[in-house]
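Protein chains in written order, with our numbering: chain A, 28 to 488; chain B, 28 to 488. Glycine residues also receive a C-beta, built at the ideal position from the N, C-alpha and C atoms.
2 protein chains.
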Amino acid sequence: MPTHTAEALDRITREVRDLIRQGHYTAAADRLRELHPADRAEVVTRLPAQEREDLVAHLDVETAAELFEELDEEVAADLADDIHPERLADILDEMEPDDAADLLGDLPPDLVEMLLAEMEDSAEVVPLLQYPDETAGGLMTTAFVALQEDATVDDVIAFLRILRQQDEDEDVDIPFYLFVIDDQQHLVGVVDLRELVSAPPGTRIADLMDPQVIAVDAWTDQEEVARIMKKYDLAAVPVTDEEKRLIGVVTYDDIMHVLEEEASEDILHLGGVESEPLAEKPYWEQKLVEVFRSRFPWLLLLFVAGSYTGSVLRMFDAELRQVISLSIFIPLIIGTGGNVGSQTVATVIRALVLKEVRPRDALRAWWREVRVALLLGVAIGAIGFLRAELWGVDAHVAWAVSLTIFAVILWASTVATFVPLAASALGIDPTHISGPLMSTLIDGTGLLIYFLIARAVIPEL
Amino acid sequence: MPTHTAEALDRITREVRDLIRQGHYTAAADRLRELHPADRAEVVTRLPAQEREDLVAHLDVETAAELFEELDEEVAADLADDIHPERLADILDEMEPDDAADLLGDLPPDLVEMLLAEMEDSAEVVPLLQYPDETAGGLMTTAFVALQEDATVDDVIAFLRILRQQDEDEDVDIPFYLFVIDDQQHLVGVVDLRELVSAPPGTRIADLMDPQVIAVDAWTDQEEVARIMKKYDLAAVPVTDEEKRLIGVVTYDDIMHVLEEEASEDILHLGGVESEPLAEKPYWEQKLVEVFRSRFPWLLLLFVAGSYTGSVLRMFDAELRQVISLSIFIPLIIGTGGNVGSQTVATVIRALVLKEVRPRDALRAWWREVRVALLLGVAIGAIGFLRAELWGVDAHVAWAVSLTIFAVILWASTVATFVPLAASALGIDPTHISGPLMSTLIDGTGLLIYFLIARAVIPEL
Numbered sequence: 028m029p030t031h032t033a034e035a036l037d038r039i040t041r042e043v044r045d046l047i048r049q050g051h052y053t054a055a056a057d058r059l060r061e062l063h064p065a066d067r068a069e070v071v072t073r074l075p076a077q078e079r080e081d082l083v084a085h086l087d088v089e090t091a092a093e094l095f096e097e098l099d100e101e102v103a104a105d106l107a108d109d110i111h112p113e114r115l116a117d118i119l120d121e122m123e124p125d126d127a128a129d130l131l132g133d134l135p136p137d138l139v140e141m142l143l144a145e146m147e148d149s150a151e152v153v154p155l156l157q158y159p160d161e162t163a164g165g166l167m168t169t170a171f172v173a174l175q176e177d178a179t180v181d182d183v184i185a186f187l188r189i190l191r192q193q194d195e196d197e198d199v200d201i202p203f204y205l206f207v208i209d210d211q212q213h214l215v216g217v218v219d220l221r222e223l224v225s226a227p228p229g230t231r232i233a234d235l236m237d238p239q240v241i242a243v244d245a246w247t248d249q250e251e252v253a254r255i256m257k258k259y260d261l262a263a264v265p266v267t268d269e270e271k272r273l274i275g276v277v278t279y280d281d282i283m284h285v286l287e288e289e290a291s292e293d294i295l296h297l298g299g300v301e302s303e304p305l306a307e308k309p310y311w312e313q314k315l316v317e318v319f320r321s322r323f324p325w326l327l328l329l330f331v332a333g334s335y336t337g338s339v340l341r342m343f344d345a346e347l348r349q350v351i352s353l354s355i356f357i358p359l360i361i362g363t364g365g366n367v368g369s370q371t372v373a374t375v376i377r378a379l380v381l382k383e384v385r386p387r388d389a390l391r392a393w394w395r396e397v398r399v400a401l402l403l404g405v406a407i408g409a410i411g412f413l414r415a416e417l418w419g420v421d422a423h424v425a426w427a428v429s430l431t432i433f434a435v436i437l438w439a440s441t442v443a444t445f446v447p448l449a450a451s452a453l454g455i456d457p458t459h460i461s462g463p464l465m466s467t468l469i470d471g472t473g474l475l476i477y478f479l480i481a482r483a484v485i486p487e488l
Numbered sequence: 028m029p030t031h032t033a034e035a036l037d038r039i040t041r042e043v044r045d046l047i048r049q050g051h052y053t054a055a056a057d058r059l060r061e062l063h064p065a066d067r068a069e070v071v072t073r074l075p076a077q078e079r080e081d082l083v084a085h086l087d088v089e090t091a092a093e094l095f096e097e098l099d100e101e102v103a104a105d106l107a108d109d110i111h112p113e114r115l116a117d118i119l120d121e122m123e124p125d126d127a128a129d130l131l132g133d134l135p136p137d138l139v140e141m142l143l144a145e146m147e148d149s150a151e152v153v154p155l156l157q158y159p160d161e162t163a164g165g166l167m168t169t170a171f172v173a174l175q176e177d178a179t180v181d182d183v184i185a186f187l188r189i190l191r192q193q194d195e196d197e198d199v200d201i202p203f204y205l206f207v208i209d210d211q212q213h214l215v216g217v218v219d220l221r222e223l224v225s226a227p228p229g230t231r232i233a234d235l236m237d238p239q240v241i242a243v244d245a246w247t248d249q250e251e252v253a254r255i256m257k258k259y260d261l262a263a264v265p266v267t268d269e270e271k272r273l274i275g276v277v278t279y280d281d282i283m284h285v286l287e288e289e290a291s292e293d294i295l296h297l298g299g300v301e302s303e304p305l306a307e308k309p310y311w312e313q314k315l316v317e318v319f320r321s322r323f324p325w326l327l328l329l330f331v332a333g334s335y336t337g338s339v340l341r342m343f344d345a346e347l348r349q350v351i352s353l354s355i356f357i358p359l360i361i362g363t364g365g366n367v368g369s370q371t372v373a374t375v376i377r378a379l380v381l382k383e384v385r386p387r388d389a390l391r392a393w394w395r396e397v398r399v400a401l402l403l404g405v406a407i408g409a410i411g412f413l414r415a416e417l418w419g420v421d422a423h424v425a426w427a428v429s430l431t432i433f434a435v436i437l438w439a440s441t442v443a444t445f446v447p448l449a450a451s452a453l454g455i456d457p458t459h460i461s462g463p464l465m466s467t468l469i470d471g472t473g474l475l476i477y478f479l480i481a482r483a484v485i486p487e488l
């Protein structure tokens, strides 16, 4: 199927909207059916909610099922809510079991119960519902091919041909890796389709298979699954239950989406935004109130924590009145502390995400960061001295500013090294330690350092 | 091959180090050879530079080639520098052409010339050297299988079996998709290996292939290649030259690494750290001076831009002297502006990275962000008023603070919406617009807003 650029999809979206507004739903549905399922989902996502609903009501069950497989989760759930349960059950039956389970996971429990009772293939989906979305069990499909060790290459190829003929109309669901199980469904080996196709006919699967299969438990977090597949260049990884029985397969396409989703969550977290439920929704689908809720708690927390800066300034009210020029450096000093904190926290979080640094490396990491901070502190401290001199302030004040910049840079990099490592040690996702949180932690303490140094250095105080 | 946890790899690293220090290089090399190539690279990366060099000198050419394929680029280049060119040429001959080209791209030009003259398979590698690392051409492999339309399924399977027998010892390099070309090497179709294996014998490739192949040009940026493969769930995408001739293939494993690399670069950029060359190096491999260089220019720029805050405070020196309590809110106000800026910039950058928002949507995006800002401004402004009252400042000052918080939140979200969109319109990677840059831009202007409001609201001024 041809694919389209963003501009072509804009044009097609306009065509589809015109058809819908003229009441030509069948023509709009036909236009949609010509598109690649991924492009189809993109066009539907761009429609306003009402037009989207009306159009989906006119799609045949198979096209609707393909559409739901490609839509972002939250968009799919909103849309599903408006479909009659009987029709929705038919659509769920047509969907891949893992996508159907994801959609069911986002619907209200009483509706799910009704749908499962109505569905024909609910047996494939029910076992998947027990696993959270973000685990191997939540990502895996249960529609996989498992082989017995005593089969031959010819048996398997003949079997795959039958499988394909049974389902002529649909995409054949043959994976790139075939897994080998024993009588108790225990995973005992893997055969790469590339080896199967090029093996001499008559070869026994037991002789062809690799018995050292890399597998994951169903409860493994999706980030860990992604790390393993990426590290070992796997196109698919088998999923086992507590008894090491094969229960599903996670494929590379799921993982590409996980990597994107995690990256997208990280961007939001680092900016101080709660990613739930925003990370799973396209920008224009996010409701104002959701956006507000994702930002307000952090902003409030940071505001309350930041009030501490006011308390510090009130403590040093007398000093500020006496040497008014001290105040002009306040934003610059806390800004520099915040900037060094952001840089350090970004570096440490990246290393934690890539598993290059672990909490027990804390001291070694701190020693590295503090040496960088020494260099930065001397350089920026010296420039700060010159800047203060250029503004013509008293030489003692210039010294206090310069020493404070040096000290705040050391302090900021220390805090920004230990906080994400401590979070990680406590089992908190370190990407939640945002740049804004770091700046706020450093602001108040930075001011304290400033006035203590000023008191020591400036004779009038 | 079995795989290992991080803890097991720690233990193995200690074993290997002990063997090296006792001079048992062959035993250390044997221990390494037992590991999966990905684990092997991890252990080697953890060794100190000198031990790493000594060990690699004792590896056979094939094991060394597998190791270089898995190592991070910068680590591989450092290590290659210490190997005799004749041996290095043998290692490069054993490597996959795309990995060999990547390694050559990181070596000094005169060494590359010598190596290419020495290599047996340089013809496979030379065409790859013209493409930058971060393009489809830089990622692709030239070792792919191309079919003619008039072949049959049996012909192809027979051919794959011969291919496999020719290279018994090595992993057979058969891809999951086979591409079909005409006499001029133009790409005319694609056959999925899963369809090939399950098709009735005798089927013609022309009848089996999908003629609508999704392909990319060799100069396409790697992020765009990743986006296409992710969107259309492709395990491989063919790469064509200007004349639409098939010249290579990019596979899912390359893309998983691209997605990780891009995410890792984004984390650094958003924290205000230049990612080159750090993003390609493990944390512990980064030299202090490189880390300094990646942070200092940004810190200096932000410091100089931040000095503007001092100039604003000097402009309003008289007001500060008259109403000293104004100064205690300075850090809180600019902190809140910076926090809102970070949140907004993270949201807008995420939407830009995912191509959900484009520069021409600027006004629509701003209207969205400003409505969220209105809600946040009212909420945090009201809390700011209470906070000021609790500190017992004059009611006029409390009003000025509260109104300023409201105005600064609107202003911060406006700046943070337009700046990344403008950067993107100008062809600058918007992830370079960091939280720290945003805070600094907002700091000075936020203070200006504060004092202008204070003058208008406080009768004494």
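{"query": "Cβ-based contacts, 9 Å cut-off: residues of the region 380-396 of chain A near chain B", "result": "Val380, Leu381, Lys382, Glu383, Val384, Arg385, Asp388, Arg391, Ala392, Arg395, Glu396"}
{"query": "Chain B contact for Met283 of chain A (CB, 8 Å cutoff)", "result": "yes"}
{"query": "Where His63 of chain A meets chain B, residues with beta-carbon distance less than 8 Å", "result": "Tyr259"}
{"query": "Cβ pair count under 8 Å reaching 3, the region 62-72 of chain B against the region 91-101 of chain B", "result": "yes"}
{"query": "The ligand MG heavy atom lying under 7 Å from the CB of Thr179 of chain A", "result": "In terms of ligand content, the structure shown is empty, and the ligand MG therefore cannot be addressed."}
{"query": "As assigned by DSSP and simplified to three states, the class of Gln175 of chain B", "result": "strand"}
{"query": "Meets three-Cβ-pair contact criterion under 8 Å: the region 235-247 of chain B and the region 199-216 of chain B", "result": "yes"}
{"query": "Inter-stretch contact at 8 Å, needing at least 3 Cβ pairs: the region 219-233 of chain A / the region 249-261 of chain A", "result": "no"}
{"query": "Within chain A, the residues that Asp293 of chain B reaches when beta carbons sit closer than 8 Å", "result": "Ala290, Asp293, Ile294"}
{"query": "Chain-ordered chain B contacts of Gln370 of chain A [CB-CB under 8 Å]", "result": "Gly298, Gly299, Val300, Arg322, Trp325, Leu326, Pro463"}
{"query": "Contact list for the region 402-417 of chain B against chain A, Cβ threshold 8 Å", "result": "Leu402, Leu403, Ala406, Ile407, Ile410, Gly411, Arg414"}
{"query": "Own chain partners of Ser291 of chain A with C-beta closer than 6 Å, once the 5 adjacent residues on each side are dropped", "result": "Ala306"}
{"query": "Start-to-end residues for the beta strand (DSSP E) that takes in Ala263 of chain A", "result": "263-267"}
{"query": "Secondary structure of Tyr310 of chain A, DSSP reduced to three states", "result": "helix"}
{"query": "Identified DSSP bridge partners for Arg231 of chain A", "result": "A:Thr179"}
{"query": "Alpha helix (DSSP H) runs contained entirely in the region 314-346 of chain B, provided each spans 4 or more residues", "result": "315-342"}
{"query": "Through-space distance from Ala483 of chain B to Ser352 of chain B, alpha-carbon basis", "result": "16 Å"}
{"query": "Test: Asp196 of chain A CB closer than 8 Å to a CB of chain B", "result": "With a pLDDT of 47 at Asp196 of chain A, under the threshold of 50, the modelled position of that residue is not reliable, and no figure is offered here."}
{"query": "For Asp108 of chain A, three-class secondary structure by DSSP", "result": "coil"}
{"query": "From B:Ala443, B:Glu113, B:Ile361, B:Leu155, residue whose alpha carbon lies closest to that of Val399 of chain B", "result": "B:Ala443"}
{"query": "Among A:Leu59, A:Ala76, A:Thr53, A:His51, the one whose alpha carbon lies nearest that of Ile39 of chain A", "result": "A:Leu59"}
{"query": "Rounded separation between Val497 of chain A and Asp177 of chain B - CA only", "result": "Because chain A is modelled from 28 through 488, residue 497 of chain A falls outside the range shown and cannot be assessed."}
{"query": "Chain A within 8 Å of Thr431 of chain B, Cβ atoms only", "result": "no"}
{"query": "Exposure label - His296 of chain A; buried when at least 16 CB within 10 Å", "result": "buried"}
{"query": "Nearest-angstrom Cβ-Cβ length linking Ile407 of chain A and Thr363 of chain A, presumed shorter than 8 Å", "result": "6 Å"}
{"query": "Residue environment, Ile255 of chain A, which counts as buried when at least 16 other CB atoms sit within 10 Å", "result": "buried"}
{"query": "Inter-stretch contact at 8 Å, needing at least 3 Cβ pairs: the region 154-164 of chain A / the region 199-208 of chain A", "result": "no"}
{"query": "Cβ neighbour criterion (16 or more within 10 Å) applied to Ala35 of chain B", "result": "exposed"}
{"query": "Where the beta strand (DSSP E) through Leu305 of chain B begins and ends", "result": "Neither: Leu305 of chain B is in no beta strand (DSSP E) and is coded neither H nor E."}
{"query": "Bounding residues of the beta strand (DSSP E) (the contiguous stretch that carries Val218 of chain B)", "result": "214-219"}
{"query": "CB contact check: Ala425 of chain A to chain B, cutoff 8 Å", "result": "no"}
{"query": "Amino acids of chain A, ordered along the chain, whose beta-carbon sits closer than 7 Å to that of Arg191 of chain B", "result": "Ser225"}
{"query": "For Ile208 of chain B, the first and last residue of its enclosing alpha helix (DSSP H)", "result": "Not the alpha helix (DSSP H): Ile208 of chain B falls in the beta strand (DSSP E), residues 204-208."}
{"query": "Exposure of Trp394 of chain A, with buried meaning 16 or more beta-carbon neighbours within 10 Å", "result": "exposed"}
{"query": "Ordered list of alpha helix (DSSP H) runs contained in the region 75-148 of chain A, each at least 4 residues", "result": "76-84, 88-97, 100-107, 112-121, 124-132, 136-145"}
{"query": "Under 9 Å by beta carbon: chain B residues contacting Pro309 of chain A", "result": "Ala378, Leu381, Glu383"}
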